[in-house]
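First up is the structure itself, then whatever we jot down about it.
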Amino acid sequence: MSRQKVICGNWKMYKTLEEAASFVKSLAPLAAESQALVYLAVPFTVIAAAAREAANTSITIGAQNMNDASEGAFTGEIAGKMLKDAGASFVLLGHSERRRYFFETDEFINKKVHRALQDGLQPILCVGETLEEKEAGRTEEILEKQLQDGIGDLESSAASKLMIAYEPVWAIGTGQTATPEIAQNVHLHCRRWLAAKWGEETAESVAILYGGSVKPENISDLMAEPDIDGALVGAASLKLELFSKIVNYIAKDIET
Ligand code: PGA
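Throughout, this note's numbering is defined as the position within the sequence shown, counted from one, plus 200.
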């Protein structure tokens, strides 16, 4: 079975209104022929402007985080329904930078997943092990815990609405990409976990993206792996020239 491919940019804390709008406008014609869905996770302040530019194009705009409450006295936080209202269709949850710098736990992330689904946003749950965990041979154990505590309590109908992004922490922003073989093995492990939890059909329908130093030079080899359904792209998504190349990767060995 051939799953939908997705290339998702993650702008992190970059780009002003004008930069965002002009990027989306220029990307639209370049992304039109992509074999993948093109997603952009942008800062809160530019969601509305980016979504306006993305209307009637193949680009989908989303956010990088949200709070788990529907609304309330949480100074500085943002609600899923506000993101939706501004034009976001999806939200990254549990990115390793949120886990590391803002101490987000699996339990908190799980609440956000539920809230995002209630608010009509597609969650992209980010998981990944640190270098120490990898070197200690704990990758699978760590991922299973992040998956179980992050999404393990969902019904299969809800699980089939989300995406997973495997981002080894040691590969994010370091220039060190997991080899396609390493990533494929981890993705397969995640897919088996999904199958054990919700059955083959759901497991086969969930897109699992790879993230961590994805660039034009490595995207085709990554996308050739059967369980790598797309990429979550940080630094290279900030530059139109690089991101448009990634979006238009040539798949070497697409499954039929
Ligand atoms: P990077 O970031 O592509 O710059 O490594 C990926 C991410 O953090 O999503």
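All C-beta atoms in this analysis are idealised placements derived from N, C-alpha and C, irrespective of residue type, glycine included.
Neighbourhood of L442 by C-beta, 8 Å cutoff - its chain only, sequence neighbours within 5 removed: K415, P416 and A436
Please go through the same chain and pick out, in chain order, the residues whose beta-carbon is closer than 8 Å to the beta-carbon of S234, but skip the five residues on each side of it. I207, S258, V447 and N448
Decide if the segment 419-427 is in contact with the segment 211-223; the criterion is three or more beta carbon pairs, one per stretch, under 8 Å apart. no
From L388 to E355, what distance separates their C-alpha atoms? 21 Å
Pop quiz: Q264 and A241 are said to be a contact at Cβ under 8 Å. What is the actual Cβ separation, rounded to whole angstroms? 5 Å
If you run the structure through DSSP and keep just helix, strand and coil, what is T339? helix
Around the C-beta of A255, are 16 or more other C-beta atoms found within 10 angstroms, so that it is buried, or is it exposed? exposed
Q348 to I278 span [Cα, whole Å]: One Cα belongs to Q348, the other to I278, and the distance between them is close to 25 Å.
Just to confirm, does E367 get its C-beta within under 7 Å of one of the non-hydrogen atoms of the ligand PGA? yes
Alpha carbons only, please: which of R203, A431, T216 and L217 is nearest the one belonging to V325? Note on residue identity: the sequence assigns Leu, not Val, to residue 325. For L325, the nearest C-alpha among the options comes from A431.
Between L331 and W370, how many whole angstroms is the CB-CB distance? I'm expecting something under 8 Å. 4 Å
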